[in-house]
Amino acid sequence: MERKHKGKCPFCNSEMAPEVIEKNTIRRDKCKCTTCGEIIYKCRNIFCNDYAKGGLLYDDELCPPCGERLLKAVKEFPDKYRAAIQKVVEEKNREKNN
Numbered sequence: 540m541e542r543k544h545k546g547k548c549p550f551c552n553s554e555m556a557p558e559v560i561e562k563n564t565i566r567r568d569k570c571k572c573t574t575c576g577e578i579i580y581k582c583r584n585i586f587c588n589d590y591a592k593g594g595l596l597y598d599d600e601l602c603p604p605c606g607e608r609l610l611k612a613v614k615e616f617p618d619k620y621r622a623a624i625q626k627v628v629e630e631k632n633r634e635k636n637n
């Protein structure tokens, strides 16, 4: 059986090289954790080597740590850039009114 690169399983958190149970050319390969037997897929973050959860109706796109980092960045975005965005909006409003 073919194996993928080592990475962390999102279900049992073990570091393992999962078995490929369904090889795909366009989509991600369907894999099985060699420790807990759960279905997993390679995380879509190209800089990450861990795995995302597979499900009956939906397969996660990102592993849990990458998903948490993305959520944190989205939550922080308004605070980080609010002043810059407000400045651009005010300038556009001034241009529009003149």
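Counting from 540, one number per residue, gives the positions in the sequence shown under my numbering. Here a beta-carbon is modelled for each residue, glycine too, at the ideal position from N, C-alpha and C.
Under the rule that 16 or more other beta-carbon atoms within 10 Å means buried, what is Ile585, buried or exposed?
For this step, residue 585 is matched to residue 46 along the sequence shown. Residue burial annotation: Ile585 is exposed, with fewer than 16 other C-beta atoms found within 10 angstroms of its C-beta.
Identify which residue in Thr564, Val613, Gly594 has its Cα closest to the Cα of Pro549.
Within the sequence shown, numbered from 1, the residue matching residue 549 stands at position 10. Scanning Thr564, Val613, Gly594 for the CA closest to the CA of Pro549 turns up Gly594.
Use the C-beta contact count for Tyr597: other C-beta atoms within 10 angstroms, 16 or more gives buried, fewer gives exposed.
Residue 597 sits at position 58 when you count from the first residue of the sequence shown. By the 10 Å Cβ count, Tyr597 comes out exposed.
Report the three-state DSSP secondary structure of Cys570 (helix, strand or coil).
Along the sequence shown, read from residue 1 onward, the residue named residue 570 stands at position 31. Cys570 falls in the strand class under three-state DSSP.
Considering only C-alpha positions, which residue in the set Asn588, Asn636, Tyr580 is nearest to Asn563?
Translated into positions along the sequence shown, residue 563 becomes position 24. When only C-alpha atoms are compared, the closest one is Tyr580.
Cβ shell of Cys582 (< 7 Å), same chain only, five flanking positions each side left out
Indexing the sequence shown from 1 puts residue 582 at position 43. Taking C-beta separations shorter than 7 Å and ignoring five residues to either side along the sequence, the partners of Cys582 in its chain run Asp589, Tyr590, Ala591, Leu601, Cys602, Cys605, following chain order.
Which residues share a DSSP beta bridge with Arg542?
Counted from its first residue, the sequence shown places residue 542 at position 3. BP columns for Arg542 point to Glu558.
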